[in-house]
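Using our numbering, you'd call the opening residue of the first sequence number 188 and step up by one each time.
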Amino acid sequence: MKQPVFREVQNRLKEEIWQAWAKASQEGLLPEPTGDIEILLEIPKERVHGNFATNLAFVLAKPARRAPREIATILVDKLVDSDLVNQAEVAGPGFINFFLKQSWLNRVLVALVEAPEEYGRVDDLAGKKIQLEFVSANPVGPMNVVNARAGALGDSLARLFKFCGAEVAKEYYINDYGIQVYTLGRSIDARYRELLGQEVVFPEDGYQGEYIYDLARALIEEKGRSLLEMSEEKRIEACRDWGYKKILASQQKDLADYGIIYDQWFSERSLHEAGRVDQVVAEMKERGLLYEEEEAVWFRSTEFGDDKDRVVRTADGRTTYFVADIAYHLNKFARGFDHLINIWGPDHHGYIPRMKAAMAAFGFDPNRLEVLIAQQINLLKEGKPFKMSKRRGEFITMRDLLEEVGNDAARWYFLMRSPDSHLDFDLELAKKETAENPVFYVQYAHARISSIFRQLDGEFIPDPEFIASVVWEDDEKEILEKVAVFPEVVSGAAREREPHRLTNYLLDLATLFHSYYNRKRFLTEEEQLTKARILLAYAVQNVVRNGLGLLGISAPEQM
RNA sequence: GCGCCUGUAGCUCAGCUGGAUAGAGCAACGGACUUCUAAUCCGUAGGCCAGGGGUUCGAAUCCCUUCAGGCGCGCCA
């Protein structure tokens, strides 16, 4: 694909600086250009410092044994005239600031107008096959707010990676095997019998939530008293299988309503039934990774960077959850993914080294498995900590939250912070802030522009020749410069796995737009002026729409 | 005790590979609707970047250390 104009300009500018450096070195003024020193171009925080700035003079100060400002002056002096740079100046302690001719902005606009939905796309991840596994909540109860955060993060990253050229698969691992679902079965069984009038002692470790009663009632409606005929074991299994499938279905619905569509739902049980779990233990044994101690079987994970060895088979002969997880991840690699990303909750971060150790032990580069931690959410209610407990059945579910604040606001709220931040979420505040949430500010910019287009006489036909001829005023240049940098924001957000770079960017862009909107009119008496301003609005609208799209947030035509 | 995350304005948080005078939203205060959507705009005020050392031309950013908060360290999942 074609490089974004921004990158092309950046590369050409680097080339021009390199030429100046080479020229200066030929004249003995500076040391020869080497591969060790890379020319870095940054976007200055202040617009008065130009479109780009380089710190090359500082880097060369030591080898050249000259003062940075002196070097910067030499470099500027050797720069040849180009159709790119309007002016280069030495500034501060030795920066070189570049002010570009506005033609580059018009080239950005031409590219944008040619393929508006594509604008912002980069090819950083072209050819890569990436799998994202996230949420993967146990099918034993409603999902919580951390699941909602992980969902927003995983889904947005998937969209970002695709926009960067990768082939992406979103996957959900269903923990439909083992103790947790069994406990669910026992819990439902107890409520089932209780509702049918039996004297029951609710299991000590059972799930206390009201939703278990709901499930039991639904079970009675569906199957009547028939389960009472079964043996206890059969009945619990029946409750388990019926129950987790019901819960799974509601999780699938919740996620779909949230806008998250998975490519695959992967069952843990299927691994057990296919014998893959026992097979993994056998393979580990063959590879000499295991030893026996105190009747248990251990994996020498410490040889692969873990801080202690891990049990794979307990003294009573059961394989641990860890083994199923290894089997699962080996399966992922077998499916041909180049890179695996898992998003886990903060309580699982201690699990990362052993998982990577297992992959390394099977000959995979552990760097191909990346685990992101969706950090905790401190739920508050009126400023006071609100402790959630599945056991006591007191929690705010993901669905509660989404119904309360809406998908767009919830996603924005989760994504506007770095994934590492432990965010405070005040339930009362979230309700109050609904109307003040910054997401509406950004969406409003989009809606305002849509409104302008609805009132436009005639059609907006972007014409490259016209675009190339427009002369922009300074406040317009500022907006277009922001538009121009969008592909880099996309690239950075994907590379660092930080969608909040996008929310910040969109907020900035919307601010510039709203300010301009209050200052200037789009629909004027002058045809050329109107055309130019409409073009500007069109560019902003598409960037906002694409940006919100990458966050999984809607871009409304009106509000 | 060990490991991971966090500590920046009254509150919630940004600050990209180290760069120029540390930013935004909310809250507070003062202004702007005869005009394409006031869910908007303009302005004022607000800081010892938790503390202390170090690295260098330059540190909120990197290293060491102390303190504070959260989480994790089972033959659990």
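By construction, the Cβ of each residue, glycine as well, lies at the ideal position given by its N, Cα and C atoms.
| Query | Result |
| --- | --- |
| Backbone CA spacing between Gln715 and Leu699 [nearest angstrom] | 22 Å |
| Closest Cα partner of Leu588 within the set Ala617, Trp429, Asp552 | Ala617 |
| Sheet register partners of Thr506 (DSSP bridge) | Arg500 |
| From Glu229, Glu214, Gly215, Leu216, residue whose alpha carbon lies closest to that of Asn198 | Glu229 |
| Backbone CA spacing between Ile399 and Leu312 [nearest angstrom] | 45 Å |
| Residues of its chain near Gly307, where Cβ-Cβ distance is below 6 Å and the 5 sequence neighbours each way are ignored | Phe673, Pro674, Val677, Asn733 |
| Check whether Leu340 and Pro606 have beta carbons under 8 Å apart | yes |
| Cut-off 6 Å between Cβ atoms - residues of its own chain near Ala545, not counting five sequence neighbours on either side | Ile513 |
| Candidates Ile283, Asp270, Val727, His536, of which the one nearest His236 by Cα | Ile283 |
| Closest residue to Asp310 among Ala337, Phe348, Asn334 (Cα-Cα distance) | Phe348 |
| Buried or exposed by the 16-neighbour rule on C-beta atoms within 10 Å, applied to Ser488 | buried |
| Cα-Cα separation, Ala502 to Glu225 | 58 Å |
| Assigned secondary structure, Ala278 (DSSP; H/G/I helix, E/B strand, else coil) | strand |
| Best match in Lys232, Ala356, Lys189 for proximity to Ala345 [C-alpha to C-alpha] | Ala356 |
| Start-to-end residues for the beta strand (DSSP E) that takes in Asn747 | The requested residue 747 does not occur in the structure, where the chain is confined to residues 188 to 746. |
| Pair within 8 Å by beta-carbon distance, Leu667 and Leu693 | no |
| Anticipated Cβ contact below 8 Å, Leu299 with Ala726, distance rounded | 6 Å |
| For Phe285 and Arg253, the rounded distance between their alpha carbons | 22 Å |
| CA nearest to the CA of Asp268, picked from Leu292, Ser741, Gln206, Pro280 | Gln206 |
| Per-residue burial, Ile448 [other beta carbons within 10 Å of its own, 16 or more giving buried] | exposed |
| Unbroken beta strand (DSSP E) run spanning Val731, endpoints | From DSSP, Val731 is part of no beta strand (DSSP E) but of the alpha helix (DSSP H) over 714-738. |
| Rounded C-alpha distance that separates Arg165 from Ile361 | It is not possible to answer for residue 165, since the shown part of the chain is limited to 188 through 746. |
| Contacts around Lys201, its chain only, beta-carbon distance under 7 Å, and the 5 residues preceding and following it disregarded | Ile226, Leu228 |
| Euclidean distance between Cα positions of His687 and Ser418 | 54 Å |
| For Phe389 and Arg378, the rounded distance between their alpha carbons | 8 Å |
| N- and C-terminal bounds of the alpha helix (DSSP H) containing Asn691 | 687-706 |
| Rounded straight-line distance, which links the Cα of Ser413 to that of Thr506 | 34 Å |
| Reference Ala742; option with closest CA among Asp661, Ala596, Lys707, Ser608 | Ala596 |
| Inter-residue spacing [alpha-carbon to alpha-carbon] between Pro625 and Gln439 | 29 Å |
| Lys543 - DSSP class collapsed to helix/strand/coil | helix |
| Rounded straight-line distance, which links the Cα of Thr370 to that of Phe350 | 42 Å |
| For Val196, the three-state DSSP class (helix, strand or coil) | helix |
| Contiguous beta strand (DSSP E) assignments of at least 3 residues, all confined to the region 445-483 | 451-454, 477-480 |
| Residue from Leu517, Leu319, Ala335, Asp662 with nearest C-alpha to Asn594 | Ala335 |
| Run of the beta strand (DSSP E) containing Thr241, from where it starts to where it stops | 239-241 |
| Contacts around Val332, its chain only, beta-carbon distance under 7 Å, and the 5 residues preceding and following it disregarded | Ile564, Leu566, Ile583, Met585, Leu588, Phe612 |
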